[in-house]
Amino acid sequence: MYQFLHFDEKYRKVIRELISSGQFKINASGKLEPADPKGILNSPWIFIGPRARRKHCQIWNAIYCGKFGIIPRVCRFYCWKTVIKPRNVLELFKLVDVLTLLNLPSKCGADRRNYTYGAWAGFVYADSLEEGKEYYRQVRKAVDKAISPEVEVILKRGCTEMEMLKPSNQWDNWPEEERQLEWQLDDLFCLNEINFSQSQWLINDIKEGWILRAIEIGDPTARQALELYSGQKDLWDKIVSHPITYHDKEE
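What follows is the structure, encoded as structure tokens:
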């Protein structure tokens, strides 16, 4: 028998918290949708190419996986990612150019997660293993040529958070209880297409955020990236504090 979510007090509490916190709102059709589907001013990511955000990661990863502990079917069977790990912010800026030329469904930016290694990342999304392998070959070749063969590029399945829940080589076994819960959640959440286009102002704002993050973590390429991005040689001294020092002064 179909067991509706509101008969389970644990699930009911999670849903009410999502609404009361302001993260989600009830739309005209009675379904839940993100109150701010783009995270417009807080996102560290620039989206590139077609279908860059066709998938509903904000709901599937944060809610289905993070709150209810299930791995959605699309993530299980139709999500393959080529992951690029720039070693510094200057390589991140170069990666933007690489992905723009390739015009693949992708994003790149500052990876703020404290359980993944490295401050910067790029992701290219594929819907199958075969497509993922083809994208990987294109990206690996382009990164080798435009940035460095030493930049890490891998092909993985789904999201890291889901792999932490269960290794991806076990995902083909889809438990019946997870199927039932996912169908209920699909009936509850709005999964309409989201337009993730970004204005040039927003793209510039995100890039400036990358520079500030690079300064904060002591990225050795921060100054070079700033000068290349801004075209201003004197901007570094205006942005970064340089205190007067006394340890090297003669008495």
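With our numbering, letter number 187 in the sequence shown gets 185, and the count goes up by one each step, no holes. For every residue, glycine included, the Cβ atom is placed at its ideal position computed from N, Cα and C. Note that this is a predicted model, so its numbers are computed, not measured.
If you measure between the beta carbons of residue i and residue j, is that distance less than 9 Å?
i	j	result
I57	F187	yes
M160	W169	yes
K139	F121	no
G207	P42	yes
K79	G130	yes
I209	L224	yes
S126	Y76	yes
Just to confirm the assignment, what range does the beta strand (DSSP E) spanning residue i have?
i	result
Y123	118 to 124
L153	150 to 155
L100	L100 -> not in any beta strand (DSSP E); alpha helix (DSSP H) instead, spanning 87 to 100.
L30	30 to 32
T80	78 to 83
I108	Rather than Ile, the amino acid found at residue 108 in this sequence is Ala. Note, A108: beta strand (DSSP E), 104 to 108.
K164	Unbroken run through K164: none, as it is neither H nor E.
Quick check on this structure: which residue in the options has the alpha carbon closest to the alpha carbon of residue i?
i	options	result
V96	D235, Y113, L30, K143	K143
V81	I61, R155, L30	R155
Y113	N202, M162, E248, S166	M162
D203	N59, Y76, A108	A108
I145	I13, I213, C157, N86	N86
I152	D246, K247, Y133, I213	Y133
N59	I215, I237, C157, S228	C157
D185	I24, K231, V137	I24
P165	I13, S18, C73, K231	C73
D235	Q222, E128, D246	Q222
Taking the alpha helix (DSSP H) that residue i falls in, what are its first and last residues?
i	result
F75	71 to 75
R177	174 to 186
G130	127 to 144
W234	233 to 237
K205	198 to 215
Going along the chain, which residues of its own chain have a beta-carbon closer than 8 Å to the beta-carbon of residue i, five neighbours each way excluded?
i	result
A50	At A50, the pLDDT of 47 sits below 50, so the modelled position is not reliable; the number obtained from the coordinates is stated separately. Here the set comprises P103, S104, K105, Y123, F194.
L226	L88, F91
P218	N86
Q136	L100, L102
E180	Y62, I68, P70, R71
Just to confirm my understanding: we take residue i, look at its own chain, exclude 5 residues before and 5 after, and list those with CB closer than 7 Å. What are they?
i	result
V94	I44, C106
A220	V87, I209, A212, I213
K231	E225
Counting Cβ pairs, one atom from each stretch, are 3 or more of them under 8 Å apart for the segment 238 to 245 and the segment 112 to 123? no
Do three or more CB pairs link the segment 66 to 75 to the segment 173 to 185 at distances below 8 Å? yes
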